[in-house]
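Read the structure below first, then the notes.
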Amino acid sequence: MNSAPDSAEITTAEKASSTGGPSGTAGSGPSGTAPTSLAAEAARRRTFAVISHPDAGKSTLTEALALHAKVISEAGAVHGKAGRKSTVSDWMEMEKARGISVSSTALQFNYHAEGTPEDQINVVNLVDTPGHSDFSEDTYRVLTAVDAAVMLIDAAKGLEPQTLKLFQVCRHRGIPVITVINKWDRPGRTPLELLDEIDERIGLTPTPLFWPVGIAGDFRGLLRRGDDGVAEEYIRFTRTAGGAKIAPEVRMTPDEASAQEGSEWATAAEESELLSATGQDHDQELFLAGQTSPVIFASAMLNFGVRQILDTLIALAPAPGARKDVAEGAREVTDPFSAVVFKVQAGMDAAHRDRLAFMRVVSGVFERGMVVTHAQTSKPFATKYALTVFGRDRSTVENAYPGDIVGLVNANALAPGHTLFTDKKVEFPPIPSFAPEHFSVLRAESASKYKQFRRAVDQLESEGVVQILRNDIRGDASPVMAAVGPMQFEVVAARMKAEFNVEARMEPLGYALARRTDAASATELGRQRGVEVFTRTDGVLLALFSDKWRLQYIQKEMPELTLEPLVAAGDQ
Ligand code: G4P
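Structure follows, in structure tokens:
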């Protein structure tokens, strides 16, 4: 058995309580509030992810949200300038070197939204997504675990390739998206131009809730739009030193705003009304249907607009709801416990060389220690070590409710897409795997390490780090790895060395695309130049092609062969 959670370490929950903030466990409710019913626990939860192109400010916003939720008392405590890149996750040297986050974790906090009853405390689960496009398959898995997404856009750059891709993933999964235009404190484009781009390039109608007062680079505050785009209120922000604290807000009526800001206010008010003329007002039904996206302008760095983002999430994002199962039925949140595994990860932290499976609770109450059934094997699974994980912080989870994310320690049998349940059996649909576009042969440098090599390959494959392909001609000693992005191969090499003490060599294979085929077509395909047929570990036969022309030629010459496209990263 590997390391169990260590009670001596400082956890997110402990930090939270030391700053008078939320509790890490959601079950008992915030201090002073009585435990409520299962339906109410589900209803007060919001589970979301922030999606963005790298550098749009995801880490900064995560920190700003934590600051507003009082999880931290000062921005910079979690990932200040010096240490930012190592915060959200630094489980691998590779991540540190590249400043990217490969792992996904979740931050839970309690939050009281403005405009809600005094005693209403919401529970927010913020699930981290990897930023780099090579890990878009991971991101897709993470997005199966959330109910809403915040799409972060850099005001100077507008839509970037990864933003577009991620948005498509959300659309495919029917996840409502709230758009945040970040870095408004820096010179950038005009707000109307940015909205046009969202509308035109992703076909999503932007419906601003808060409109900026002051051009990009001169961010003074936000105009709150009411019905028909009429300005309801002006929220003026004041900078704090280094943006370390929540920015103080002054609320003003439109008349006061006009007196204070003059032409800047007039421009904002005029633009806001203009938006209504083109139908860019919030409509909850269209938002939930994925046709419109509420927009908020913000500066994560200065903490401007951050409270508005949280309040919008609470007000508009859907609470956890029923989830469809493979039998075309659905598991309601009030049904007995069930959860879906969306991510498996090992070696997240040098002090805990263990394997964690992250599950999202779909229904019922999770109680640590309960024995659940693993739907894929029908075997019982004990949940003694259940954690919340955020960056390097881990804390034990005693109870969890629909929408919550729980990490299970040493969950060796669990893989992304698997279902856990109690009572009435349920199995959720598997998470589709992406069409690989990069292929590489993997070999152990030393034959004496073959056993470890095999173990490593099995482990990394079952976690979904890469897909593993085999065929009789190549044999089993050097399997072929298939990935969406080449950085996945680097993860394999780095982890083989760090966790299994195996040096592995990789030789890129000259294939560029894959199609699903069948046994009847495999023989003929195997005879073709520039084509090779493999069996993936899940039994699917894949034909790899050197390029799209070869594929097109074969499809034209031999239309009787089965060649089906796989789910591609770009069209999720
Ligand atoms: P990411 O996680 O999406 O990759 O982005 P991250 O938060 O790391 O932010 C990327 C850069 O953008 C950082 O600058 C960060 O300070 C800056 N940034 C984020 N939000 C804002 C904002 O609202 N306004 C401004 N002006 N800048 C913002 P950096 O130079 O890479 O790092 P650092 O030296 O500031 O730490």
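Residues in the sequence shown are numbered consecutively from 833, following this note's numbering. Beta carbons: idealized from backbone N, C-alpha and C, even for Gly. Since this is a predicted model, take the numbers as computed values, not measurements.
- Sequence-distant Cβ neighbours of R1139 in its own chain, meaning closer than 6 Å and more than five residues away, are H900.
- Per DSSP, the continuous beta strand (DSSP E) segment holding G1053 begins and ends at 1053 to 1057.
- Counting C-beta atoms within 10 angstroms of its own C-beta, M1191 has 16 or more neighbours from the protein chains shown and is therefore classed as buried.
- By the neighbour-count definition (other C-beta atoms within 10 Å, threshold 16), L1036 is a buried residue.
- When the alpha-carbon of E873 is set against those of F1266, G1153, L1373, the nearest one is in G1153.
- Under a 10 Å Cβ-count criterion, W1381 is classified as exposed, with fewer than 16 other Cβ atoms of the shown protein chains found around its own Cβ.
- Look at D1379 here: in three-state DSSP terms it is coil, with no helix or strand label.
- The beta carbon of K890 is closer than 7 Å to those of V882, S884, G963, L984 in its chain, skipping five residues each way along the sequence.
- Judged by their CB atoms, I1237 and A938 are nearer to each other than the 7 Å cut-off.
- When the five nearest sequence neighbours on each side are left out, the beta carbons in the same chain lying within less than 7 Å of the beta carbon of V1229 are those of T857, R1200, A1218, L1219, T1220, V1238, in order along the chain.
- Shortest Cα-Cα distance from V1298 to any of G1074, L1107, L1118, D1370 involves D1370.
- Of E969, Q1320, D1050, the smallest CA-CA separation from S1265 is found for E969.
- Counting C-beta atoms within 10 angstroms of its own C-beta, N957 has 16 or more neighbours from the protein chains shown and is therefore classed as buried.
- When secondary structure is reduced to three states using DSSP, K890 falls in the helix class.
- Under DSSP, K1211 forms a beta bridge with H1206.
- Proximity of the region 1142 to 1152 to the region 1070 to 1090 falls short of the contact definition, fewer than three beta-carbon pairs being nearer than 8 Å.
- By the criterion of a C-beta distance shorter than 6 Å, V978 is surrounded in its chain by T879, F880, A881, V959, once the five residues flanking it on both sides are discounted.
- For I1013, the enclosing beta strand (DSSP E) starts and ends at 1009 to 1014.
- The nearest non-hydrogen atom of the ligand G4P is less than 6 Å from the C-beta of K1015.
- Taking C-alpha positions only, V1324 is separated from S1095 by approximately 57 Å.
- In the DSSP annotation of this structure, V1194 is not part of any alpha helix (DSSP H); the continuous beta strand (DSSP E) holding it starts and ends at 1187 to 1195.
- The beta carbon of W1016 sits closer than 6 Å to those of A987, P1044, A1048, F1051, F1129, S1131, all from its chain and outside the five residues before and after it, given in chain order.
- At a threshold of 6 Å, K890 counts as near the ligand G4P, since its beta carbon sits closer than that to one of the ligand's heavy atoms.
- Note that the C-beta distance between P886 and I1010 is not below 7 Å.
- For secondary structure counted as the alpha helix (DSSP H) over 4 or more consecutive residues, the region 1093 to 1147 holds these complete runs in sequence order: 1095 to 1109, 1116 to 1120.
- Each residue's CA atom was taken as its position, placing D1115 and Q1320 some 40 Å apart.
- With fewer than 16 neighbouring CB atoms inside 10 Å of its own CB, S869 falls in the exposed class.
- Selection A1309, S1280, L996 evaluated against V1273 yields A1309 as nearest (Cα-Cα).
- In this structure, the C-beta of R1018 approaches the ligand G4P to less than 6 Å from one of its heavy atoms.
- For D887, the distance from the CB to the nearest heavy atom of the ligand G4P is below 6 Å.
- For K1175, the uninterrupted beta strand (DSSP E) run begins and ends at 1170 to 1178, by DSSP.
- Per the DSSP secondary-structure output, F1271 pairs in a beta bridge with A1314.
- Sixteen is the threshold: since fewer than 16 other Cβ atoms of the shown chains lie within 10 Å of the Cβ of A1159, the residue is exposed.
- In this structure, the ligand G4P has no non-hydrogen atom nearer than 6 Å to the beta-carbon of S968.
- By the Cβ rule, the region 1025 to 1036 does not count as touching the region 1057 to 1071, because fewer than three pairs are nearer than 8 Å.
- Taking V1203 as the centre and dropping the five residues before and after it, the same chain places the C-beta of P1212, A1214 closer than 6 Å to its C-beta, in chain order.
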